[in-house]
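Numbering (our numbering), first residue to last: 285 to 607.
In structure tokens form, the structure reads like this:
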């Protein structure tokens, strides 16, 4: 039996097709649903929650609390420096800043990391997670649910993927390799991939008695895929064209946030403007807490002192320091 998995930016799902009927895999926690929101919440003890459980943990432990930054020494760095005489050994302490009040960390849109050639993973408290390890948590959850539903081990899987992850072919190839590694790590032995719009096309194809031409419009959290094909009529589908665009729902969220920046201090100061990196962090909720770091707090205080609308800077400080 072969399992089909749609690992999505916003939601993920799995199903088995027996040749006649599609059997969606039900995610039973905390309620019955065929969708698993692609959310991860990992606490200090490295216990991971997924989907609605992840969002519930985040709401219970993180929303409304104060951010409390602390610094500590994480190690030392030694290097040799050439001087006029003999080389000198220099030792520096490595200091890291962390939110001491955080119970855990919520991650969303993990799939988007696949199109970033510089992103390989993230540090969560005392452990570094590679991108394939994060993806494996989601794939493993879907695999376990499917095996429980069918009461058998599932070794074969077809995983949906965008038409392209990046404009660079090698980045798209790297992305597929990362997902492949994640699937291997959770126990799949035969792993193949299918373009996501083609997967959607087959569903329509099997339900269409008359030969027709169809357009698949697949707008997800990270990408937009378009496919035109001839389907139905008991003849194999014939794909005429397929194209991927690197625009998704996450980009829409950022555009919405950009329109709200005037309520959080943009152009409120007579002499100082919000730094460009502040604006970038405000457009993505996952990077907003970075604005509460001590060195950024000093900038916010200076902005407030010269602001025409200090209440907007107060709103910004509240947003980034109280989750």
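All residues carry an ideal CB built from backbone N, CA and C; glycine is no exception.
Checklist line | Buried or exposed (CB count within 10 angstroms, at least 16 for buried), residue 503 | finding: exposed
Margin query: Assuming contact is defined by CB atoms lying nearer than 8 Å, are residue 611 and residue 320 in contact in what I supplied?
Written below: The structure shown has nothing for residue 611, since the chain only spans 285 to 607.
Note to self: Comparing C-alpha positions only, which one of 506, 287 and 577 sits nearest to residue 536?
What the structure shows: 506
Margin query: Going by the DSSP bridge assignment, what does residue 306 pair with across the sheet?
Written below: 301
Checklist line | Element boundaries [alpha helix (DSSP H), containing residue 581] | finding: For residue 581, the enclosing alpha helix (DSSP H) has its first and last residue at 578 to 589.
Check: Tell me which same chain residues have a C-beta within less than 7 Å of the C-beta of residue 409, skipping the five on either side of it?
Finding: 328
Next item on the list: Give the C-beta separation of residue 530 and residue 512 to the nearest angstrom, bearing in mind that I take them to be a contact with Cβ-Cβ under 8 Å.
Entry: Wrong, their Cβ atoms sit about 20 Å apart, outside the cutoff.
Next item on the list: Please report how far the alpha carbon of residue 262 lies from the alpha carbon of residue 348, in whole angstroms.
Entry: The chain is shown only over 285 to 607; residue 262 falls outside these bounds and no answer can be derived.
Notebook entry, point to check: Whose C-alpha, out of 303, 568, 533 and 534, is nearest the C-alpha of residue 545?
Noted result: 568
Checklist line | Rounded straight-line distance, which links the Cα of residue 318 to that of residue 310 | finding: Residue 310 and residue 318 have their C-alpha atoms spaced approximately 5 Å apart.
Next item on the list: Assign residue 489 to buried or exposed, taking buried as 16 or more other Cβ atoms, counted over all protein chains shown, within 10 Å of its Cβ.
Entry: buried
Notebook entry, point to check: By DSSP, does residue 609 sit in helix, in strand, or in coil?
Noted result: Residue 609 falls outside the range modelled here, since the chain spans only 285 to 607, and no answer is possible.
Check: DSSP on residue 594, reduced to helix/strand/coil?
Finding: helix
Next item on the list: Could you tell me the boundaries of the beta strand (DSSP E) in which residue 440 lies?
Entry: 440 to 445
Note to self: Please identify the residue among 442, 293, 582 and 325 whose C-alpha is closest to the C-alpha of residue 344.
What the structure shows: 325
Next item on the list: Compare the beta carbon distance of residue 498 and residue 485 with 8 Å and say whether it is the shorter of the two.
Entry: Yes, the Cβ-Cβ distance between residue 498 and residue 485 is below 8 Å.
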